[in-house]
Amino acid sequence: PFSLGIPLSLSRTRRSITTLSSPDRPQFVMRSSGARIGERWQIGTAIVEVSQPRVPCYKLGIRMQNAAFPRRFAAAGRPGACLRIVQEGTLAGGD
Numbered sequence: 139p140f141s142l143g144i145p146l147s148l149s150r151t152r153r154s155i156t157t158l159s160s161p162d163r164p165q166f167v168m169r170s171s172g173a174r175i176g177e178r179w180q181i182g183t184a185i186v187e188v189s190q191p192r193v194p195c196y197k198l199g200i201r202m203q204n205a206a207f208p209r210r211f212a213a214a215g216r217p218g219a220c221l222r223i224v225q226e227g228t229l230a231g232g233d
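The numbering of the sequence shown is our numbering, which starts it at 139 and goes up by one.
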């Protein structure tokens with residue numbers, strides 16, 4: 139796993155979609171590192187499309203109070219993806 143050397147909370151990172159697990163449904167973890175532009179994903183009843191990669195920028199360094207942080211994050215090779223909504227829908231924990 140990628141270690142940043144600092145504790146992270148959801149409020150310190152940018153998340154567009156976060157689902158929580160429930161006792162009867164395992165936690166959903168969206169891995170977008172291998173995403174391809176134009177790919178469509180159904181999450182719950184919504185459909186989203188990968189529109190572009192999301193690479194770390196200087197704003198991440200400001201948020202983490204460490205100017206080198208974006209380079210360290212990029213070196214981990216997990217840039218994420220920006221998604222556009224193709225079809226609105228409902229999302230729930232575990233989707």
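Using N, Cα and C, we set each Cβ at its ideal position, and we do this for glycine too.
Assess contact between the segment 185 to 192 and the segment 219 to 227, defined as three or more Cβ pairs (one per stretch) separated by less than 8 Å. Is contact present?
yes
Please report the Cβ distance between LEU237 and PHE211, rounded to the nearest whole angstrom; I am assuming they are in contact, meaning their Cβ atoms lie under 8 Å.
Since the first and last residues shown for the chain are 139 and 233, residue 237 lies out of range.
Give the straight-line distance between the Cα atoms of TYR196 and PHE207, rounded to the nearest whole angstrom.
9 Å
When DSSP builds the beta bridges, which residues end up paired with GLU187?
ARG178, ARG222
When the Cα of ASP233 is compared with those of ASN204, ILE175, TRP179, GLN203, which residue comes out closest?
TRP179
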